[in-house]
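Residue numbers (our numbering), protein chains in the order written: chain A, 1 to 211; chain B, 212 to 420; chain C, 421 to 705. The C-beta atom is built at its ideal place from N, Cα and C for all residues, glycine as well.
Printed below as a string of structure tokens:
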């Protein structure tokens with residue numbers, strides 16, 4: 001079965017398109033740019049389609065939950081009703097400023113999402129209290145660096161003790177740049193290696209048949 | 212105090228989410244499921260109206276056999292992608308996935324190399340060693356710090372001896388970086404809380420101007 | 421001995437006390453009429469200088485706005501400040517977004533700006549709307565706008581927009597400014613700025629600000645505003661130059677921000693004292 005065309009074809013597509021996308025970067029000739037533009041253009045509707053499928057998936061999960069009356073199925077009714085109500089509001093009433101769709105976004109989605117994220121202020125403070133201990137040299141360096149940066153963010157401190165602001169600026173501009181740059185180089189090299197292995201079929205896990 | 216019913220609804224939902232700080236409860240779960248449904252509906256409309264129709268359906272409708280005929284290809288790929296959900300045809304999905312991944316991975320190689328590796332190495336090596344003493348010291352710290360932190364990520368060799376000392380230095384540089392990030396993380400989260408409290412105290416209750 | 425026991429107890433402080441402390445620290449300053457001033461740091465001054473240079477080039481700028489309600493409290497003051505700076509300079513702006521949840525709040529902000537500056541849609545600014553496949557669209561915009569945005573947010577074909585007549589690709593704009601709460605500035609740098617050599621500025625959340633310093637040093641990023649604090653600094657700068665006439669929400673939050681940071685630093689100190697006391701007691705016993 002492994003020799004069949006249906007098995008091999010995706011690997012061939014991967015090799016040809018992958019190499020083309022890699023090489024086109026260095027060839028600004030018009031036909032190459034046109035071909036690339038066409039390929040990239042196809043990605044937009046494809047992305048849209050995948051998201052629409054994903055939303056369908058969310059709906060299916062909750063319909064199943066309600067149908068089988070699984071644990072906490074009442075909340076799934078809330079999800080389904082709100083989902084279809086929002087779709088109806090957008091499709092029928094339009095999405096422009098002042099529409100029901102826009103108002104629901106502003107007064108229903110926004111406060112819930114914004115408040116959920118604002119909870120992190122409490123949890124990050126609690127985590128800092130529990131985990132930020134000077135247990136070792138490395139932990140102490142982390143603690144001191146964070147404390148200097150935090151102090152410099154307080155206007156009264158930064159305005160009255162300029163050395164704190166200068167020290168924070170130094171930390172951000174130099175050692176922080178060094179740390180983030182090393183991570184960036186590491187991530188980039190890792191991404192390049194994974195991409196090369198996948199395109200040339202060395203790593204076949206992504207395109208293997210699902211069982 | 213606000214007389215707008217929408218502001219009241221928003222305030223009640225805000226309090227519902229805040230109730231989680233005490234413990235998990237039915238009101239919080241309601242808010243959680245409500246936002247999942249509303250956000251999915253919002254995304255559906257935005258993708259349909261903002262991507263699917265203007266980028267695919269409308270151009271195909273206008274000249275599906277003319278200059279936009281190439282857009283039948285993404286239609287076919289979408290069809291292949293949907294094959295995933297039918298047992299007999301689910302292998303066809305791999306073809307759509309291959310197309311999807313090939314463009315991503317192919318383009319990521321030169322762009323990562325240019326922006327994430329070469330530009331960064333050049334930036335480090337070209338750091339000027341002139342100017343004020345603080346700048347010179349800073350650039351030396353940056354050059355040395357980048358080298359030490361890169362040593363830390365080199366896992367193919369045992370981290371002992373002189374190399375071990377370098378990796379230890381690398382850990383310290385990384386810790387300074389993480390500390391700086393953490394300070395900013397706290398600030399960021401506080402601003403989000405400020406936003407919610409301003410909404411409750413100013414827009415809803417009108418207690419502050 | 422009693423002090424040592426008390427200090428050890430701090431180690432096991434219930435997290436709800438920390439929650440109350442943070443809540444009070446953020447809420448109380450709203451009731452105290454003390455105003456704070458965030459002095460612009462060199463990073464903020466560099467951002468303004470770079471944006472000013474871009475605006476002086478007599479070409480439109482691209483403003484990509486990518487944040488949702490989750491980070492609106494931090495990002496909206498930043499966006500407002502940048503929009504005031506740009507619209508007051510009377511340079512045309514091409515707005516777009518790669519995040520579905522940005523579209524609705526952006527329409528609200530733009531409606532407000534349109535009134536304030538008497539802007540004409542299609543000539544002073546356009547909103548191209550939402551585009552998916554962000555990284556590839558960013559890369560594609562380097563050679564063509566028309567292939568990736570067939571119509572604007574209002575459904576008008578982009579070739580019918582007067583502002584877009586002379587804009588075919590990113591080479592025809594003076595700079596790209598990205599106000600984002602996610603990693604999109606990194607994608608801009610990777611997929612458009614480095615390959616097409618474009619001037620690029622970013623406004624990010626404070627969470628991400630530290631990540632972008634390597635790009636500032638290489639020049640891939642010409643200016644950076646990091647979160648609410650940088651927005652407050654920018655508001656100060658714009659108030660002084662007369663672009664803004666009253667302080668914005670970022671400056672408004674400086675008191676809460678300061679007290680909350682002090683409280684969290686105090687909690688960290690208390691935690692360390694408690695931990696040291698517990699460790700010492702452990703050694704003695």
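{"Asked": "CA-to-CA distance, residue 276/B to residue 648/C, given in whole angstroms", "Found": "51 Å"}
{"Asked": "Residue from 670/C, 544/C, 456/C and 437/C with nearest C-alpha to residue 583/C", "Found": "544/C"}
{"Asked": "Complete runs of the alpha helix (DSSP H) confined to the segment 314-373 of chain B [at least 4 residues]", "Found": "330-336 and 344-363"}
{"Asked": "CA-to-CA distance, residue 185/A to residue 328/B, given in whole angstroms", "Found": "5 Å"}
{"Asked": "C-beta atoms of residue 42/A and residue 288/B nearer than 9 Å", "Found": "yes"}
{"Asked": "C-beta contact flag for residue 285/B and residue 49/A at 9 Å", "Found": "yes"}
{"Asked": "Short CB-CB distance (under 9 Å) between residue 611/C and chain B", "Found": "yes"}
{"Asked": "8 Å Cβ cut-off: residues of chain A touching residue 428/C", "Found": "Per Cβ cutoff of 8 Å: no residues; residue 428/C is ~14 Å from chain A at best."}
{"Asked": "Minimum Cβ-Cβ distance from residue 177/A to chain F less than 9 Å", "Found": "Of the chains in the structure shown, none is chain F; the protein chains are A, B and C."}
{"Asked": "Closer than 7 Å at the beta carbon, the chain A residues around residue 476/C", "Found": "The contacting residues do not exist; residue 476/C stays about 27 Å from chain A at best."}
{"Asked": "Contact with chain C by residue 377/B, beta-carbon distance below 9 Å", "Found": "no"}
{"Asked": "Between the CA atoms of residue 60/A and residue 505/C - distance to the nearest angstrom", "Found": "47 Å"}
{"Asked": "Coil, strand or helix - residue 109/A by DSSP", "Found": "helix"}
{"Asked": "C-beta contact flag for residue 369/C and residue 674/C at 9 Å", "Found": "Chain C is shown from 421 up to 705; residue 369/C falls before or after that span and cannot be answered."}
{"Asked": "Partner residues on chain C for residue 48/A, Cβ-Cβ distance less than 8 Å", "Found": "552"}
{"Asked": "Pairwise C-alpha distance: residue 654/C and residue 111/A", "Found": "26 Å"}
{"Asked": "One or two residues paired with residue 620/C in a DSSP bridge", "Found": "596/C"}
{"Asked": "For residue 233/B, three-class secondary structure by DSSP", "Found": "coil"}
{"Asked": "Paired residues, beta bridge with residue 541/C - DSSP", "Found": "545/C"}
{"Asked": "Residues bridged to residue 309/B [DSSP beta-bridge criterion]", "Found": "Partner(s): none; residue 309/B has no beta bridge."}
{"Asked": "Option in 453/C, 594/C, 514/C and 700/C with minimal Cα separation from residue 581/C", "Found": "514/C"}
{"Asked": "Terminal residues of the alpha helix (DSSP H) in which residue 87/A lies", "Found": "73-93"}
{"Asked": "Any C-beta of chain A under 9 Å from that of residue 634/C", "Found": "yes"}
{"Asked": "Status (buried if at least 16 other CB within 10 Å, exposed otherwise) for residue 588/C", "Found": "exposed"}
{"Asked": "Inter-residue spacing [alpha-carbon to alpha-carbon] between residue 352/B and residue 164/A", "Found": "19 Å"}
{"Asked": "Per DSSP, cross-strand counterpart(s) of residue 484/C", "Found": "516/C and 598/C"}
{"Asked": "Residue 582/C in three-state terms, based on DSSP", "Found": "helix"}
{"Asked": "Which residues DSSP lists as bridging residue 571/C, in chain order", "Found": "577/C"}
{"Asked": "Element boundaries [beta strand (DSSP E), containing residue 646/C]", "Found": "643-646"}
{"Asked": "Check whether residue 458/C and residue 656/C have beta carbons under 9 Å apart", "Found": "yes"}
{"Asked": "Residue 305/B at chain C interface by Cβ criterion, 9 Å", "Found": "no"}
{"Asked": "Buried or exposed by the 16-neighbour rule on C-beta atoms within 10 Å, applied to residue 6/A", "Found": "exposed"}
{"Asked": "Contacts of residue 409/B in chain C (Cβ-Cβ under 8 Å)", "Found": "450, 493, 669, 672 and 673"}
{"Asked": "Chain-ordered chain C contacts of residue 102/A [CB-CB under 8 Å]", "Found": "524, 527 and 528"}
{"Asked": "Any chain C beta carbon closer than 9 Å to residue 118/A", "Found": "yes"}
{"Asked": "CA-to-CA distance, residue 625/C to residue 403/B, given in whole angstroms", "Found": "10 Å"}
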